[in-house]
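**Student:**
There are 2 protein chains.
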Amino acid sequence: MAPIKEELLFPDAEVIKRAHTIIEPFIHRTPVMHCETFDKMLQMQLFFKCENFQKVGAFKYRGATCAVASLPKEISKNGVATHSSGNHAQALALAAAKAGIKAYIVMPDSAPAVKKAAVAGYGAEIIPCAPTLAARESTLEDVVARTGAHVIHPYNDYRVISGQATCALELLEDIQNLDVIIAPVGGGGLISGTALSAHYFSPSTMVYGAEPEGADDAMRSLQAGYIIPSENPQTIADGLLTSLGDKTFPIIQKHVKDIFTASDKEIIKWMQLVWQRMKIIIEPSCAVPLAALALRADQFKNKRIGVIFTGGNVDFGHLPF
Amino acid sequence: MAPIKEELLFPDAEVIKRAHTIIEPFIHRTPVMHCETFDKMLQMQLFFKCENFQKVGAFKYRGATCAVASLPKEISKNGVATHSSGNHAQALALAAAKAGIKAYIVMPDSAPAVKKAAVAGYGAEIIPCAPTLAARESTLEDVVARTGAHVIHPYNDYRVISGQATCALELLEDIQNLDVIIAPVGGGGLISGTALSAHYFSPSTMVYGAEPEGADDAMRSLQAGYIIPSENPQTIADGLLTSLGDKTFPIIQKHVKDIFTASDKEIIKWMQLVWQRMKIIIEPSCAVPLAALALRADQFKNKRIGVIFTGGNVDFGHLPF
């Protein structure tokens with residue numbers, strides 16, 4: 001299987017299928033779950049694609065694996081690098097370990113010890129830095145200068161978007177005739193990949209995004225027609241704080257029907273309901289699409305709806321409910 | 322499909338297959354999950370049959386559905402009854418609702434409000450009683466005298482055992498060449514059904530039971546050769562407190578290789594690890610087989626092991642970790 005060599009290669013149907021073939025040996029094909037109680041409560045047919053069961057607990061492992069697997073040897077021999085305090089750090093560390101290459105992860109001092117331990121557990125080298133974007137970026141530059149490692153951005157990269165697109169590809173293979181797919185929006189890697197997969201493989205399926213009210217930059221960007229950066233976001237859904245990128249935003253503009261928001265109160269309510277009724281652990285960010293749908297039950301009445309669940313990292317000592 | 326009419330019909334291979342065909346339209350075919358981290362930690366290949374995703378959160382719904390579906394109309398027209406404070410109450414209430422018959426559930430006043438609400442939510446009539454076995458039994462007798470309802474025991478009933486056996490039947494269909502299956506032991510309905518399915522459908526698969534140290538009556542019964550009742554059990558695994566029955570015990574004696582125990586400390590440790598690593602919600606009782614296996618990692622090194630996960634009812638306000 002030829003790798004996806006060209007960083008700028010746009011994720012068309014063939015590229016997404018190729019990405020899936022490349023990463024399939026490494027990822028879990030996550031299950032699609034149902035919940036009769038929610039179907040009844042909301043008067044919809046809901047199909048939950050459980051990426052919270054993906055390795056490292058999130059879809060991020062798809063994109064990281066696709067990017068790492070796409071590197072030619074003359075580049076990968078120096079390893080890969082990124083700055084991240086979240087799931088991308090773990091995803092890239094594990095993807096690099098599986099590929100037998102080095103990973104250098106710049107992590108702010110403020111990152112939770114449990115996340116640092118997970119990254120270190122995958123064998124990555126952690127480079128600590130001050131918890132500011134400037135410090136993260138300059139530290140990453142130093143790492144690259146020192147090691148020659150190849151930087152892999154968490155979302156604004158077509159190889160990463162191609163990997164994230166495989167999640168909806170699987171969902172559309174498993175569940176026929178979906179009217180709608182809804183996914184959370186942070187930097188836009190997942191939602192843009194999802195929208196492209198629906199566009200190519202199930203054109204009648206509408207794709208919606210969902211984000212927290214307190215970090216609604218994507219909704220405002222879509223309305224404005226240009227990227228409005230996420231500034232001082234305030235929400236419990238801490239996986240969805242980042243701004244859109246210049247590769248993800250145009251795809252969203254073209255292929256995402258609308259972006260909805262939900263309040264933290266609704267997010268926590270649906271997070272708790274999922275724990276109680278579906279017996280699966282989701283973090284607040286993961287509950288955002290379901291919370292947003294529940295607020296628009298009339299609009300989606302009797303529709304067949306795919307919901308992408310992703311992110312199961314929760315501090316059990318500090319539950320929000 | 323002819324129902325399983327005769328209450329005393331022993332669950333042979335044909336009866337178990339028939340039970341599966343009867344209940345298949347009503348139950349979830351629960352997924353089998355993997356966890357690379359645990360495989361590495363314990364040096365085993367583990368296959369988790371996730372009955373915690375079954376309706377009402379536990380395998381109990383299989384047995385209750387099988388028993389209800391097996392009733393001839395002249396009996397079912399008066400409804401079904403049981404006394405239970407746990408998952409059997411919810412399972413029988415839902416099974417009866419699906420069959421369109423009445424359910425009378427005797428519940429002790431001490432049962433948690435959330436469980437009473439769930440039973441009532443399925444449309445069952447709850448008959449409260451004092452929280453003693455004598456009060457539960459005499460109240461149930463009164464209910465039967467008043468209504469003519471048919472009593473369905475939570476485990477000491479061949480129709481129920483046949484239903485519980487379908488869980489291992491599915492696991493053995495999905496995963497080939499298992500060396501071992503391990504399941505929790507309370508009254509013995511699940512473990513006896515599991516042992517029978519392995520005996521008929523995969524004779525080379527050894528079946529083990531697991532129970533908490535503080536409720537080790539099944540282990541002691543197996544060693545003694547007669548049923549030692551569970552008296553004053555002390556464990557966090559509150560789904561595994563009951564004594565074996567005269568229908569479950571002989572099957573266990575004949576077909577279960579051994580019964581292991583685990584301490585509450587180990588049970589809580591593995592419950593937390595499952596939440597963290599597998600992102601699924603299991604109650605303490607559900608963690609007992611995995612905790613017991615982990616204590617015997619040498620004995621099961623490199624084996625292919627099916628683990629039945631069941632029970633996901635947790636009070637999130639009072640986590641044990």
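Listed in order, the protein sequences are those of chains A and B. Positions 1 to 321 (my numbering) are the ones given, in order, by the first sequence. Positions 322 to 642 (my numbering) are the ones given, in order, by the second sequence. We treat Cβ as the ideally placed atom computed from N, Cα and C, and that holds for glycine. As the structure is a prediction and not an experimental result, all values here were calculated from the model.
What is the rounded straight-line gap between the Cα of Gly-239(A) and the Cα of Gly-148(A)?
**Tutor:** Each residue's Cα considered, the two are about 29 Å apart.
**Student:** Quick one: what's got a C-beta closer than 8 Å to Glu-213(A)'s C-beta in the same chain, skipping five residues either side?
**Tutor:** Correct list, in chain order: Thr-235, Thr-261, Ala-262, Ser-263 and Asp-264.
**Student:** Give the residues of chain B in contact with Asn-52(A), contact being defined as C-beta atoms less than 7 Å apart.
**Tutor:** Simply Lys-600.
**Student:** Does the beta carbon of Leu-46(A) sit closer than 8 Å to a beta carbon anywhere in chain B?
**Tutor:** No, because no Cβ of chain B sits closer than 8 Å to the Cβ of Leu-46(A).
**Student:** Counting only beta-carbon separations shorter than 8 Å, does Pro-31(A) have a partner in chain B?
**Tutor:** For Pro-31(A), the answer is yes, since a Cβ of chain B falls inside 8 Å of its Cβ.
**Student:** Hey, would you say Val-389(B) sits closer than 8 Å to Ala-414(B), going by beta carbons?
**Tutor:** In this structure, Ala-414(B) does not lie closer than 8 Å to Val-389(B) by Cβ.
**Student:** The beta strand (DSSP E) that contains Ile-580(B), what's its start and end?
**Tutor:** Residues 579 to 583.
**Student:** According to the neighbour-count rule (16 or more other Cβ atoms, all chains shown, within 10 Å of its Cβ), is Asn-477(B) buried or exposed?
**Tutor:** Classification of Asn-477(B): buried, given that the 10 Å Cβ count is 16 or more.
**Student:** Going by DSSP in three states, Cys-371(B) sits in which element: helix, strand or coil?
**Tutor:** Three-state DSSP puts Cys-371(B) in a strand.
**Student:** Please classify Lys-40(A) as buried or exposed, where buried requires at least 16 other C-beta atoms within 10 Å of its C-beta.
**Tutor:** By the neighbour-count rule (16 or more Cβ atoms within 10 Å), Lys-40(A) is not buried but exposed.
**Student:** Which same chain residues, not among the five before or five after Pro-328(A), have their C-beta less than 7 Å away from its C-beta?
**Tutor:** Any answer about residue 328(A) is impossible in this case: the structure gives chain A only from 1 up to 321.
**Student:** Residues of chain B with CB closer than 9 Å to the CB of Phe-38(A), please, in chain order.
**Tutor:** Here the premise fails: no neighbours, minimum Cβ distance about 13 Å.
**Student:** Are any of the Cβ atoms in chain A nearer than 8 Å to that of Trp-596(B)?
**Tutor:** Yes - at least one Cβ of chain A is within 8 Å of the one on Trp-596(B).
**Student:** Hey, would you say Ile-252(A) sits closer than 8 Å to Gly-311(A), going by beta carbons?
**Tutor:** Cβ atoms of Ile-252(A) and Gly-311(A): not closer than 8 Å.
**Student:** Could you give the residue range of the beta strand (DSSP E) that holds Cys-450(B)?
**Tutor:** From DSSP, the beta strand (DSSP E) with Cys-450(B) extends over 446 to 450.
**Student:** Mark Thr-194(A) as exposed unless 16 or more other C-beta atoms lie within 10 angstroms of its C-beta, in which case mark it buried.
**Tutor:** Flag for Thr-194(A) reads buried.
**Student:** Leaving out five residues on either side along the sequence, give the residues of the same chain with a beta carbon under 7 Å from the beta carbon of Ile-228(A).
**Tutor:** Excluding positions up to five away in sequence, the list reads Asp-217, Arg-220 and Ser-221.
**Student:** Taking three-plus beta-carbon pairs below 8 Å as touching, is the stretch 483 to 498 of chain B in contact with the stretch 370 to 384 of chain B?
**Tutor:** Because the criterion of three Cβ pairs below 8 Å is met, the stretch 483 to 498 of chain B and the stretch 370 to 384 of chain B touch.
**Student:** So the candidates are Ala-287(A), Arg-146(A) and Asn-177(A); which of them puts its Cα closest to the Cα of Asn-52(A)?
**Tutor:** Measuring from the Cα of Asn-52(A), the nearest candidate turns out to be Ala-287(A).
**Student:** How should Leu-133(A) be labelled, buried or exposed, when 16 other C-beta atoms within 10 angstroms of its C-beta is the threshold for buried?
**Tutor:** Result: exposed.
**Student:** Quick check on His-88(A): buried or exposed, where buried means 16 or more other Cβ atoms within 10 Å of its Cβ?
**Tutor:** The residue in question, His-88(A), is buried, as its Cβ has 16 or more Cβ neighbours within 10 Å.
**Student:** In chain A, which residues lie with their C-beta within 7 Å of the C-beta of Leu-312(B)?
**Tutor:** Lying before the first or after the last residue shown, residue 312(B) is absent from chain B, which here runs from 322 to 642.
**Student:** Could you list the residues in the stretch 375 to 393 of chain B with a C-beta less than 8 Å from some C-beta on chain A, going in chain order?
**Tutor:** Listed by position, the residues of the stretch 375 to 393 of chain B near chain A (Cβ gap below 8 Å) are Lys-376 and Gly-378.
**Student:** Closer than 6 Å by C-beta to Lys-624(B): which residues in its own chain qualify, once you throw out the five before and the five after it? Chain order, please.
**Tutor:** Hits under 6 Å: Met-365, Asp-500 and Val-501.
**Student:** In three-state terms, what does DSSP make of Pro-289(A)?
**Tutor:** Three-state DSSP puts Pro-289(A) in a helix.
**Student:** Taking the alpha carbon of Ile-27(A) as the point to measure from, which residue in Glu-211(A), Ala-130(A), Val-144(A) and Gln-54(A) has its own alpha carbon closest?
**Tutor:** Among Glu-211(A), Ala-130(A), Val-144(A) and Gln-54(A), the Cα nearest to that of Ile-27(A) belongs to Gln-54(A).
**Student:** Apply the 10 Å Cβ neighbour rule to His-318(A) and answer buried if 16 or more other Cβ atoms are within range, or exposed otherwise.
**Tutor:** Its Cβ having fewer than 16 others within 10 Å, His-318(A) is exposed.
**Student:** Please decide whether Met-1(A) counts as near chain B, where near means a Cβ-Cβ distance under 8 Å.
**Tutor:** Confidence in Met-1(A) is poor, its pLDDT being 46 and thus under 50, which makes the residue's placement unreliable; the coordinate value appears in the next sentence. It does not: the Cβ of Met-1(A) has no partner Cβ on chain B nearer than 8 Å.
**Student:** Checking the sheet assignment: what are the DSSP bridge partners for Phe-309(A)?
**Tutor:** In DSSP, Phe-309(A) forms a bridge with Cys-50(A).
**Student:** Is the beta carbon of Ala-504(B) closer than 8 Å to that of Leu-511(B)?
**Tutor:** Yes.
**Student:** Reducing DSSP to helix, strand and coil, say where Ala-489(B) ends up.
**Tutor:** Reduced to three states, the DSSP call for Ala-489(B) is helix.
**Student:** What alpha helix (DSSP H) runs, 4 residues minimum, are completely inside the stretch 352 to 428 of chain B?
**Tutor:** Whole alpha helix (DSSP H) segments, 4+ residues: 357 to 363, 381 to 390, 394 to 397 and 408 to 420.
**Student:** State buried or exposed for Met-322(B), treating a residue as buried only when at least 16 other CB atoms are found within 10 Å of its CB.
**Tutor:** In this prediction, Met-322(B) has a pLDDT of 45, which is less than 50 and means its spatial position is unreliable; what the coordinates show is noted afterwards. Flag for Met-322(B) reads exposed.
**Student:** Per the contact definition of three or more C-beta pairs closer than 8 Å, is the stretch 290 to 300 of chain A in contact with the stretch 334 to 353 of chain B?
**Tutor:** With a cut-off of 8 Å, the stretch 290 to 300 of chain A and the stretch 334 to 353 of chain B do not count as touching, because too few Cβ pairs lie within range.
**Student:** Select from Glu-173(A), Ile-126(A), Pro-250(A) and Tyr-208(A) the residue whose C-alpha is nearest the C-alpha of Val-185(A).
**Tutor:** Looking at the Cα atoms, Tyr-208(A) is the closest of the given residues.
**Student:** Which residues in the same chain as Met-599(B) place their Cβ atom closer than 7 Å to its Cβ, once the five residues preceding and following it in sequence are excluded?
**Tutor:** Result list for Met-599(B): Met-354 and Cys-356, in chain order.
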